[in-house]
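Q: Have a look at this one.
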Amino acid sequence: MLEVVGAGPKGSAVNDWPEVWKRSAESKAVQQEIEVLLQGNDVRTDPVNTASQTEFAMPFWSQLYHVTRRVFQQYWRTPAYIWSKIALGTMSGLFIGFSFFDADHSIRGTEGVIFSVFTVSSILATLAQQVFPMFVSQRALYEVRERPAKAYSWKAFLIANVIVEVPYQIFTGILVYACFYYAVDGVNSSDRQVLVLLYIIEFFIYASSFAHLVIAVMPDAESASHVDVLLFSLILAFNGVLQPPNALPGFWKFMWRVSPLTYWISGIVATVTHSRSIECSQPELAVFDPPAGQTCGQYLTPYLRQSPGQLVNPNATAGCEYCSYTVADQYVSAFHVDWDDRWRNFGLIWAYIGFNIAMATILYYVFRVKKWRRG
Numbered sequence: 000m001l002e003v004v005g006a007g008p009k010g011s012a013v014n015d016w017p018e019v020w021k022r023s024a025e026s027k028a029v030q031q032e033i034e035v036l037l038q039g040n041d042v043r044t045d046p047v048n049t050a051s052q053t054e055f056a057m058p059f060w061s062q063l064y065h066v067t068r069r070v071f072q073q074y075w076r077t078p079a080y081i082w083s084k085i086a087l088g089t090m091s092g093l094f095i096g097f098s099f100f101d102a103d104h105s106i107r108g109t110e111g112v113i114f115s116v117f118t119v120s121s122i123l124a125t126l127a128q129q130v131f132p133m134f135v136s137q138r139a140l141y142e143v144r145e146r147p148a149k150a151y152s153w154k155a156f157l158i159a160n161v162i163v164e165v166p167y168q169i170f171t172g173i174l175v176y177a178c179f180y181y182a183v184d185g186v187n188s189s190d191r192q193v194l195v196l197l198y199i200i201e202f203f204i205y206a207s208s209f210a211h212l213v214i215a216v217m218p219d220a221e222s223a224s225h226v227d228v229l230l231f232s233l234i235l236a237f238n239g240v241l242q243p244p245n246a247l248p249g250f251w252k253f254m255w256r257v258s259p260l261t262y263w264i265s266g267i268v269a270t271v272t273h274s275r276s277i278e279c280s281q282p283e284l285a286v287f288d289p290p291a292g293q294t295c296g297q298y299l300t301p302y303l304r305q306s307p308g309q310l311v312n313p314n315a316t317a318g319c320e321y322c323s324y325t326v327a328d329q330y331v332s333a334f335h336v337d338w339d340d341r342w343r344n345f346g347l348i349w350a351y352i353g354f355n356i357a358m359a360t361i362l363y364y365v366f367r368v369k370k371w372r373r374g
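Position 34, counted from 1, in the sequence shown is what numbering that gives the first Met the number 0 calls 33; the numbers after and before it change by one each time, with no gaps.
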């Protein structure tokens, strides 16, 4: 600087340093850089620095991985919760299985098969209520400590809790299947056994998604339990077992159509009862005498051509015994149960599961994340 202005031990300044600096190329370069920075158009922006300016330190998929891993650890460190799931599934399966043990091929036995499936569906509310306290404790920790600190997003929190439930629900579903199915229906063809197992597992996954839908916006487990019981009562009462659809008042038929248990029970009953022969017990038979000189078979031949039933003693000349059904498909058709709909119904339950998860996400955002302006 001294050399530029001409100053030094033996000289005197002949140039004004501020003026020299203003006219220099270096000054112009510095001014240009300052203008670029002020405009926010720095072309040398580092991509890493841009990423660091996002809301969270990690991308969403990394958040989801680490949060899911942590929730798995928390579940593993809460054995009472896991054992309660296993106990509920095992005890319910054994109780239902041995209540309808070895259902015979009579009409009453077929009814027993239907009501055994109906009774399995009745544990839905309890399955959901098991999820509520665990979710509430996780949510309280997240909303008080981790969301204000921007540790991870609410989407990662919610999806991680849904994911972690799935393996435990699958395991519990397998236990219920083993305790319930073989006690009621015994060993059947392998394809039917697999389909019933898939239906049972699907039911338990649905229960978890239903629980998250209910608890997503509720302040505590107790409030969620009231909503759970109300919704469960509606979908259970109008699933077509207690009252066939044709007997429902016109206004309430829509509940039969929208209830997920309608399709779940229909699918599993169709799988279990398809081609199952009906052998009427003595009280279930219609007994009558044919006209003189005719056997029971001769008398009923025109009727049997149009009727779904069967004649037990066609060669008898008195005391004809007629059974109203030949196979269980004829009996369950009154409940709108059709073997051809089994895979369609299986897919519909997955659609309900997806709907529950999507609605839980939307409701959580609307009521617990979104900040609404008042006034």
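Built from N, CA and C at the ideal position, the CB exists for glycine as well. Values in this document were obtained by computation on a predicted structure and should not be read as measured data.
By Cβ distance below 7 Å, which residues in the same chain neighbour T261 in space, the five residues on each side in sequence not counted?
A: The residue labelled residue 261 in the question sits at position 262 within the sequence shown. Counting only Cβ-Cβ distances below 7 Å, and skipping sequence neighbours, we find N238, G239 and W255.
Q: Could you pull the start and end residues of the beta strand (DSSP E) that F55 belongs to?
A: Along the sequence shown, read from residue 1 onward, the residue named residue 55 stands at position 56. Premise fails: F55 is in no beta strand (DSSP E) and is neither H nor E.
Q: Of the choices I348, P17, F59 and A357, whose alpha-carbon is the least far from that of I204?
A: For the purposes of this step, residue 204 is taken as residue 205 along the sequence shown, with counting starting at 1. Nearest of I348, P17, F59 and A357 to I204, Cα basis: I348.
Q: Under a three-way DSSP split, which group does S23 fall into?
A: For the purposes of this step, residue 23 is identified with residue 24 of the sequence shown, where counting begins at 1. Coil at S23, not helix or strand.
Q: Taking the alpha carbon of M133 as the reference point, which residue from A220, V311 and A102 has its own alpha carbon closest?
A: Mapped onto the sequence shown, residue 133 falls at position 134. Nearest option by C-alpha distance: A220.
Q: By the three-class DSSP mapping on this structure, what secondary structure does E34 have?
A: Numbered from 1 along the sequence shown, position 35 holds the residue referred to as residue 34. If DSSP states are grouped into helix, strand and coil, E34 belongs with the helices.
Q: Suppose the cutoff is 8 Å on Cβ atoms and the five residues either side in sequence are ignored; what does the same chain contact list for M57 look like?
A: The count along the sequence shown starts at 1 and reaches residue 57 at position 58. Cβ within range, chain order: H65 and Y151.
Q: Thinking just about the alpha-carbon of each residue, which of F231, S98 and E283 is nearest to the one in Y180?
A: For the purposes of this step, residue 180 is taken as the residue at position 181 of the sequence shown. If we check each option's Cα against that of Y180, S98 comes out closest.
Q: In the DSSP assignment, find the beta strand (DSSP E) that holds Y321 and state where it starts and stops.
A: As a first step, residue 321 must be located in the sequence shown, where it is residue number 322. Counting along the chain, the beta strand (DSSP E) containing Y321 begins and ends at C319 to C322.
Q: Does DSSP classify Q72 as helix, strand or coil?
A: Taking the first residue of the sequence shown as 1, we reach residue 72 at position 73. Three-state result, Q72: helix.
Q: What's the gap between the Cα of W75 and the Cα of I81?
A: Along the sequence shown, one-based indexing puts residue 75 at 76. Along the sequence shown, one-based indexing puts residue 81 at 82. Answer to the nearest angstrom: the Cα atoms are 8 Å apart.
Q: Can you tell me whether G172 is buried or exposed, with buried defined as 16 or more other CB within 10 angstroms of its CB?
A: Here residue 172 refers to the residue found at position 173 when the sequence shown is read from its first residue. Buried, since its Cβ has 16 or more Cβ neighbours within 10 Å.
Q: Once DSSP output is grouped into helix, strand and coil, what is the label at A285?
A: In the sequence shown, the residue the question calls residue 285 occupies position 286. Looking at A285 - three-state DSSP - the assignment turns out to be strand.
Q: For my contact list, V175 and I267 are in at a C-beta cut-off of 8 Å; report their separation, rounded to the angstrom.
A: Position 176 of the sequence shown holds residue 175. Position 268 of the sequence shown holds residue 267. 12 Å between Cβ atoms; not a contact.
Q: Would you mind listing the alpha helix (DSSP H) stretches within the region 258-312 that are 4+ residues and don't spill past its ends, in chain order?
A: Counting whole runs of 4 or more residues, the region 258-312 contains the alpha helix (DSSP H) stretches 259-272 and 295-303.
Q: Name the two residues that bound the continuous alpha helix (DSSP H) containing N355.
A: Counting from one through the sequence shown, the residue named residue 355 turns up at place 356. Where N355 is concerned, the enclosing alpha helix (DSSP H) stretches over R341 to Y363.
Q: If contacts are defined as beta-carbon pairs under 8 Å, then F59 and A155 qualify, I think. What distance do you get, rounded to the angstrom?
A: Against the sequence shown, residue 59 aligns to sequence position 60. Against the sequence shown, residue 155 aligns to sequence position 156. So it is a contact: roughly 6 Å between Cβ atoms.
Q: V326 bridges to which residues according to DSSP?
A: Against the sequence shown, residue 326 aligns to sequence position 327. DSSP lists S276 as partners of V326.
Q: Taking Cβ to Cβ, would you say L194 is nearer than 8 Å to R304?
A: Here residue 194 corresponds to residue number 195 of the sequence shown, with the count starting at 1. Here residue 304 corresponds to residue number 305 of the sequence shown, with the count starting at 1. No, the Cβ-Cβ distance between L194 and R304 is not below 8 Å.
Q: Counting along the chain, where does the alpha helix (DSSP H) carrying A190 start and finish?
A: For the purposes of this step, residue 190 is taken as the residue at position 191 of the sequence shown. Before going further, note that residue 190 is Asp rather than Ala in the sequence given. Residues S189 to I214.
Q: Quick check on I106: does DSSP put it in helix, strand or coil?
A: Taking the first residue of the sequence shown as position 1, residue 106 is located at position 107. In this structure, I106 counts as helix in the three-state DSSP scheme.
Q: Just verifying my parser: in three-state terms, what is the DSSP assignment at V186?
A: What you label residue 186 is simply residue 187 of the sequence shown in a count that begins at 1. DSSP places V186 in coil when its eight states are reduced to three.
Q: To the nearest angstrom, report how far apart L230 and L123 are at their CA atoms.
A: One-based indexing of the sequence shown puts residue 230 at position 231. One-based indexing of the sequence shown puts residue 123 at position 124. Roughly 11 Å separates the two Cα atoms.
Q: Considering W82, what are the terminal residues of the alpha helix (DSSP H) in which it resides?
A: Along the sequence shown, read from residue 1 onward, the residue named residue 82 stands at position 83. Its alpha helix (DSSP H) spans residues P78 to S98.
Q: State yes or no: is the C-beta of T325 within less than 8 Å of the C-beta of P313?
A: To locate residue 325, count along the sequence shown from 1; it is residue 326. To locate residue 313, count along the sequence shown from 1; it is residue 314. No. Outside cutoff.
Q: Would a C-beta distance cut-off of 8 Å place W263 and F202 closer than the cut-off?
A: Position 264 of the sequence shown holds residue 263. Position 203 of the sequence shown holds residue 202. Cβ distance < 8 Å, so W263 and F202 count as in contact.
Q: Between Q129 and S83, is the Cβ-Cβ spacing less than 8 Å?
A: For the purposes of this step, residue 129 is taken as residue 130 along the sequence shown, with counting starting at 1. For the purposes of this step, residue 83 is taken as residue 84 along the sequence shown, with counting starting at 1. A contact, by the Cβ cut-off of 8 Å.
Q: If distances are taken between C-alpha atoms only, which option among D190, P289, I199 and V161 comes closest to C178?
A: Along the sequence shown, read from residue 1 onward, the residue named residue 178 stands at position 179. Measuring from the Cα of C178, the nearest candidate turns out to be I199.
Q: For the region 269-289 against the region 99-113, are there 3 or more C-beta pairs whose distance is under 8 Å?
A: A contact exists between the region 269-289 and the region 99-113.
Q: For V331, collect the residues of the same chain with a Cβ closer than 8 Å to its Cβ; drop the 5 residues on either side in sequence, then sort them by chain order.
A: Within the sequence shown, numbered from 1, the residue matching residue 331 stands at position 332. T109, I113, V268, A269 and T272, listed in sequence order.
Q: So, using beta-carbon positions, are P218 and I234 closer together than 8 Å?
A: For the purposes of this step, residue 218 is identified with residue 219 of the sequence shown, where counting begins at 1. For the purposes of this step, residue 234 is identified with residue 235 of the sequence shown, where counting begins at 1. Against a cut-off of 8 Å, the Cβ pair of I234 and P218 comes out as no contact.
Q: Can you tell me whether G96 is buried or exposed, with buried defined as 16 or more other CB within 10 angstroms of its CB?
A: Locating residue 96 in the sequence shown gives position 97, where the first residue counts as 1. The residue in question, G96, is buried, as its Cβ has 16 or more Cβ neighbours within 10 Å.
Q: Could you check if N355 is buried or exposed, using at least 16 other CB atoms within 10 Å of its CB as the buried criterion?
A: Counting from one through the sequence shown, the residue named residue 355 turns up at place 356. It is buried - the Cβ of N355 has at least 16 other Cβ atoms within 10 Å.
Q: A127 and D227 - do their beta-carbons sit closer together than 8 Å?
A: By 1-based counting over the sequence shown, the position of residue 227 is 228. By 1-based counting over the sequence shown, the position of residue 127 is 128. Cβ atoms of D227 and A127: closer than 8 Å.
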